[in-house]
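Visitor: Positions 239 to 551 (the numbering used here) are the ones given, in order, by the sequence shown.
In this text, a Cβ means the ideal position worked out from N, Cα and C, and glycines have one as well.
Quantities reported herein were computed from a predicted structural model and do not represent experimental measurements.
I'd like to ask you about the structure that follows.
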Amino acid sequence: MKELKFIEGALPKGFKPDFESFLFNEESHRLVQSLQGWKSYHLLREDKKKALAAVHFFLEGHAARSPYKAPFGSVQFSKSLQPGELYEFLKQVEASLKDRGIKKIQIKNPPQAYLPGISSVLEVLLLNLGYRIFQAEISSSITVARTKYDQRVEAWELRKLKQGKKAKLRFQEIPQSWIEEVYGFVLACREERQQSLSMTLSDLMRTIRGCPERFVLFGVYDGKELAAASIAIRINRRILYNFYSAHPRRLDYMSPVVSLIQGIYGWSQKQHIALIDLGTSSLEGQPNFSLLEFKFRLGGIPSAKLIFEKELS
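As structure tokens, this is what we get:
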């Protein structure tokens, strides 16, 4: 029977996680979110020098949040960890936070598609421990396979791909040094539709400086003019998150974002990416059905993205 040890604080020297950490849980990104205020917990298998579970909270006042400023954080754990062991880890984390005067815990989970199967174990255990679902969103993602992208989309979007090909739209990866131009393009496209971006340019550039190898820029060009663009994030080796993407209204008839996603899909095949996260589709806390249906036509498959909360007595 393996011996497991619960610890508070950083992962001890010589230990490695028995899972592939998501970017938003890595120290490089946590320190971009905030330089201080973090509390980490690990479950160790000492004989193998492995961490079988980990979670990182930002403590502020009487609240603990995982993450602080990121799309998700939450608990990550090894596939070898038994449900009962994960349950005890969650109980120990909660007891420690309570001892520190925390009265509310919030845990923002990644989309279920990131960890098919085992994400359900965590979600059910959180509910068993008295957490409630504070917010539920629908995320869409494309599974990258050997098949060509035009075999994954619905008829209407296939028509847009053919329009783009006829117009000689050209996809390419854009140098990261062009981030200001790409951000400005995406922002202008969003403002044209009376929408906003969740990050300012300065915040985004600060994040990129903290973990530059994780950010990738893509564009679709109509001649020399940018017709669509994406700012994407490599969550880990197998997941790419299409963080921001847009095209101008005047090109709605051609929908160059479809050609953009086709290009990203082909790039992902070469990079051995298994999943392209198209993000959630919400507007003021409610489903944005037109956007959601568009992502489905792009080949997106739905999965739940849940935020859990618990008030501690």
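Here's the rule I'm using: 16 or more other beta-carbon atoms within 10 Å means buried, otherwise exposed. How should G322 be labelled?
Guide: Position 84 of the sequence shown, counted from the first residue, corresponds to residue 322. Around the Cβ of G322, a 10 Å sphere holds fewer than 16 other Cβ atoms; the residue is exposed.
Visitor: Applying the 10 Å Cβ sphere with the 16-neighbour rule, what's the burial state of R475?
Guide: In the sequence shown, counting from the first residue as 1, residue 475 sits at position 237. Exposed.
Visitor: How is S304 classed by DSSP in three states: helix, strand or coil?
Guide: The count along the sequence shown starts at 1 and reaches residue 304 at position 66. In this structure, S304 counts as strand in the three-state DSSP scheme.
Visitor: Classify H280 as buried or exposed, calling it buried when 16 or more other Cβ atoms lie within 10 Å of its own Cβ.
Guide: Working through the sequence shown from its first residue, we reach residue 280 at position 42. When all chains shown are included, H280 counts as buried.
Visitor: Among the residues of its own chain, which have a CB less than 7 Å from the CB of M239, if the five just before and after it don't count?
Guide: Translated into positions along the sequence shown, residue 239 becomes position 1. Caution is warranted here: a pLDDT of 39 is assigned to M239, below 50, making its placement in the model unreliable, and the coordinate value is therefore given only provisionally. Excluding positions up to five away in sequence, the list is empty.
Visitor: Just checking my contact of Q271 with P305 at CB under 8 Å: how many whole Å lie between their CB atoms?
Guide: Your numbering for residue 271 matches position 33 in the sequence shown. Your numbering for residue 305 matches position 67 in the sequence shown. Their Cβ separation, rounded to whole angstroms, is 6 Å, which keeps Q271 and P305 in contact under 8 Å.
Visitor: What first and last residue would you give for the beta strand (DSSP E) that runs through T381?
Guide: Taking the sequence shown and counting its residues from 1, one reaches residue 381 at position 143. Counting along the chain, the unbroken beta strand (DSSP E) around T381 starts and ends at 370-381.
Visitor: Alpha carbon to alpha carbon, how far is L439 from E418?
Guide: Position 201 of the sequence shown, counted from the start, is the residue given in the question as residue 439. Position 180 of the sequence shown, counted from the start, is the residue given in the question as residue 418. Their backbone Cα atoms lie some 7 Å apart in a straight line.
Visitor: Taking L364 as the reference, give the member of L328, A393, K386, K342 with the closest Cα.
Guide: The residue given as residue 364 occupies position 126 in the sequence shown. For L364, the nearest C-alpha among the options comes from L328.
Visitor: Do the CB positions of G275 and L297 come within less than 7 Å of each other?
Guide: What you label residue 275 is simply residue 37 of the sequence shown in a count that begins at 1. What you label residue 297 is simply residue 59 of the sequence shown in a count that begins at 1. The answer is yes: Cβ separation under 7 Å.
Visitor: Under 8 Å: do the region 463-480 and the region 504-512 share three or more Cβ pairs, one atom per stretch?
Guide: yes
Visitor: Let's see if you can read the secondary structure: which residues bound the beta strand (DSSP E) around Y445?
Guide: Counting from one through the sequence shown, the residue named residue 445 turns up at place 207. The sequence as given places Thr at residue 445; Tyr does not occur at that position. Unbroken run through T445 is the alpha helix (DSSP H), 439-448; no beta strand (DSSP E).
Visitor: Please classify S266: is it buried, with 16 or more other beta-carbons within 10 angstroms of its beta-carbon, or exposed?
Guide: Here residue 266 is taken as the residue at index 28 of the sequence shown, counted from 1. Under this definition S266 is an exposed residue.
Visitor: Which same chain residues end up closer than 8 Å to L367 when comparing Cβ atoms and leaving out the 5 residues on each side of it in sequence?
Guide: For the purposes of this step, residue 367 is identified with residue 129 of the sequence shown, where counting begins at 1. Sequence-distant Cβ neighbours of L367 in its own chain, meaning closer than 8 Å and more than five residues away, are Y325, L328, K329, E332, K548.
Visitor: Along the chain, where does the beta strand (DSSP E) containing K548 start, and where does it finish?
Guide: The residue given as residue 548 occupies position 310 in the sequence shown. 539-549 is the span of the beta strand (DSSP E), which, as asked, contains K548.
Visitor: List, from N- to C-terminal side, the beta strand (DSSP E) runs of 3 residues or more that fit wholly inside the region 398-444.
Guide: Qualifying beta strand (DSSP E) stretches, in chain order: 408-412.
Visitor: Relative to the alpha-carbon of R397, which residue among Y491, Y503, E258 has its alpha-carbon at the smallest distance?
Guide: Working through the sequence shown from its first residue, we reach residue 397 at position 159. The residue with the shortest Cα to Cα distance from R397 is Y491.
Visitor: So which of L269, G457, D256 has the shortest CA-CA distance to W505?
Guide: Translated into positions along the sequence shown, residue 505 becomes position 267. For the residues L269, G457, D256, the minimum Cα distance to W505 belongs to G457.
Visitor: Assuming the contact rule is C-beta atoms closer than 8 Å, D515 and S379 should be a hit. Round their C-beta distance to whole Å, please.
Guide: Along the sequence shown, read from residue 1 onward, the residue named residue 515 stands at position 277. Along the sequence shown, read from residue 1 onward, the residue named residue 379 stands at position 141. Right, the Cβ-Cβ distance comes to about 5 Å (below 8 Å), so this counts as a contact.
Visitor: For the beta strand (DSSP E) holding K277, just list the boundary residues, first then last.
Guide: Sequence index remark: in the sequence shown, residue 277 carries index 39 (1-based). Unbroken beta strand (DSSP E) run through K277: 276-283.
Visitor: By Cβ distance, which residues of its chain are closer than 7 Å to R303, with the 5 residues on each side in sequence left out?
Guide: The residue labelled residue 303 in the question sits at position 65 within the sequence shown. For R303, where only same-chain residues beyond five positions count, the Cβ hits under 7 Å are F295, F296, Q344.
Visitor: Less than 7 Å between the C-beta atoms of R444 and L435, yes or no?
Guide: Here the question's residue 444 lines up with position 206 in the sequence shown. Here the question's residue 435 lines up with position 197 in the sequence shown. No, the pair does not count as a contact, with Cβ atoms beyond the cut-off.
Visitor: Helix, strand or coil: how does DSSP classify V495 here?
Guide: The residue labelled residue 495 in the question sits at position 257 within the sequence shown. In this structure, V495 counts as helix in the three-state DSSP scheme.
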